[in-house]
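Residue numbers (my numbering): 38 to 361. Here's the structure we're looking at; comments come further down.
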Amino acid sequence: MKEERKTYCISHGKDVDGIASASIVKLANGGKTFLVNYDKIIETLEKIPDNANVYVCDLGMNDSISERFIEECNRITKKGKFTYIDHHILKPSTKKKILKAKVKLIHSRKECAGVLTYELLKKKVPKEAAILACYAAITDYMDHQQIAKSLISNYDRQLVLLESTMLAYALAYDGAKPQFGNKIVDAFQELSFPHEIKDVPELANKQAERMKNIMKTVNKEAKSYKNFACMESSNPTIGLVANMIIGELNVPVAFAYRHNTINGHYEMSFRARYDSKAELGKIVARITPELGGMGGGHNKACGARIPDNKLNKFIKLFSAELNK
Ligand SMILES: [Mn+2]
38 MKEERKTYCI SHGKDVDGIA SASIVKLANG GKTFLVNYDK IIETLEKIPD NANVYVCDLG
98 MNDSISERFI EECNRITKKG KFTYIDHHIL KPSTKKKILK AKVKLIHSRK ECAGVLTYEL
158 LKKKVPKEAA ILACYAAITD YMDHQQIAKS LISNYDRQLV LLESTMLAYA LAYDGAKPQF
218 GNKIVDAFQE LSFPHEIKDV PELANKQAER MKNIMKTVNK EAKSYKNFAC MESSNPTIGL
278 VANMIIGELN VPVAFAYRHN TINGHYEMSF RARYDSKAEL GKIVARITPE LGGMGGGHNK
338 ACGARIPDNK LNKFIKLFSA ELNK
């Protein structure tokens, strides 16, 4: 039976996982794609008509938006359909409310959003679309998970590593602008590989060059503390800077922060080495609210935002929590 409702997909626009999820939804249902960051979820949902087939992918829920998100779920499920696909931490109380709002919830911490989306929609997409889920898993560090591993094993491993990294680097170079992300989603409708998409190889190359330069500055500028190191960076992808601090300074945990002069905040990105036991998402979620900021995420990768006059206080609290 033909789907009568128009599909609207709101997905995370900052990374390959969100873009791959959106591409799979569009391959299955057509419709309109919105690539957003966390701050635009609600205003984008509000623009969607009642009688719509809505997908929200790779956008974790937090307390600052969950109530309004659930309101939108309730509005849309009265006449339309709402599918929420995610792999970030979901509070049991929020989960209950989402299910009560008649949302089709596909939530697992075990696989990335791209893999979850592919699993849900694989009967409706060409089998070549599985490679999009592989790109998502690799760039989200979820490629050792059960389904992801099996999907990746159907391809030449080096090809999927090359293509996914090229795409992640190209996105990283210009800070993942929605326009560029939409171009990728369109190219994936034709089942293009990242190396065939206009500007992708060139931007990836520039990012590689930038990474080489960051490695040099990290050694000079990062400050070491007990079991972690950190530094300020003007790079748009501070997550990659954090990764490099870990490697270059041989520390289990690192973070990088970028000054946002418009709102007077530091945007922060945290990473832990694969063998670290640190629960970064929990630590950051615990200490940022008392500094007038916010943050959270996964154990080994998370983000935060704090007022710029609270940096020293943050470092003190972070060190205390990490070394508890
Ligand atoms: Mn993800």
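Where is the CB? At the ideal position from N, CA and C, for every residue including glycine.
Euclidean distance between Cα positions of residue i and residue j
| i | j | result |
| --- | --- | --- |
| Q244 | V53 | 15 Å |
| Y294 | E41 | 46 Å |
| H296 | I324 | 19 Å |
| Y121 | I168 | 22 Å |
| I320 | K350 | 14 Å |
| R247 | L286 | 18 Å |
| G340 | A89 | 32 Å |
| A241 | K116 | 43 Å |
| A279 | S187 | 30 Å |
| G318 | K337 | 7 Å |
| V162 | Y75 | 27 Å |
| S201 | K235 | 15 Å |
| F106 | E316 | 27 Å |
| K257 | I175 | 30 Å |
| L82 | E233 | 33 Å |
| A185 | P238 | 25 Å |
| I113 | F119 | 7 Å |
| Y45 | I56 | 14 Å |
| E156 | V255 | 40 Å |
| K284 | N111 | It should be noted that the sequence gives Gly, not Lys, for residue 284. Going by the C-alpha atoms only, they are around 46 Å apart. |
| K164 | C171 | 12 Å |
| D345 | P273 | 17 Å |
| K137 | L153 | 21 Å |
| D223 | L204 | 14 Å |
| F71 | E104 | 21 Å |
| L328 | F225 | 42 Å |
| V91 | I79 | 13 Å |
| D100 | S130 | 11 Å |
| G151 | D95 | 8 Å |
| L208 | K69 | 21 Å |
| C267 | K260 | 5 Å |
| Y262 | L277 | 19 Å |
Coarse secondary structure for residue i, derived from DSSP in three states
| i | result |
| --- | --- |
| F217 | helix |
| Y303 | strand |
| C149 | coil |
| Y178 | coil |
| A259 | coil |
| D193 | coil |
| P344 | strand |
| D52 | coil |
| K361 | coil |
| A167 | helix |
| T44 | strand |
| N297 | strand |
| K314 | coil |
| K249 | helix |
| D364 | Given that the chain is displayed from residue 38 to residue 361, the structure contains no residue 364 and the question cannot be resolved. |
| D211 | coil |
| V62 | helix |
Enclosing beta strand (DSSP E) for residue i [first to last residue]
| i | result |
| --- | --- |
| F230 | Counting along the chain, F230 falls outside any beta strand (DSSP E), and DSSP gives it neither H nor E. |
| A89 | 89-94 |
| M331 | 331-334 |
| R112 | R112 -> not in any beta strand (DSSP E); alpha helix (DSSP H) instead, spanning 100-116. |
| L72 | 69-73 |
| K141 | 141-144 |
| E269 | 265-269 |
N- and C-terminal bounds of the alpha helix (DSSP H) containing residue i
| i | result |
| --- | --- |
| K137 | 129-137 |
| K319 | 317-324 |
| V278 | 275-286 |
| E80 | 78-83 |
Residue environment, residue i, which counts as buried when at least 16 other CB atoms sit within 10 Å
| i | result |
| --- | --- |
| K51 | buried |
| P86 | exposed |
| I282 | buried |
| I299 | exposed |
| Y311 | exposed |
| S306 | buried |
| P231 | buried |
| H181 | exposed |
| N191 | exposed |
| C58 | A small correction: the amino acid at residue 58 is Ser; Cys does not occupy that position in the sequence shown. By the 10 Å Cβ count, S58 comes out buried. |
| R194 | exposed |
| R146 | exposed |
| G218 | buried |
| G334 | buried |
| N264 | exposed |
| N250 | exposed |
| K63 | buried |
| E227 | exposed |
| S48 | buried |
Interface flag, residue i vs chain C, CB-CB below 8 Å
| i | result |
| --- | --- |
| A207 | Absence of chain C from the displayed structure is noted, only one protein chain being present. |
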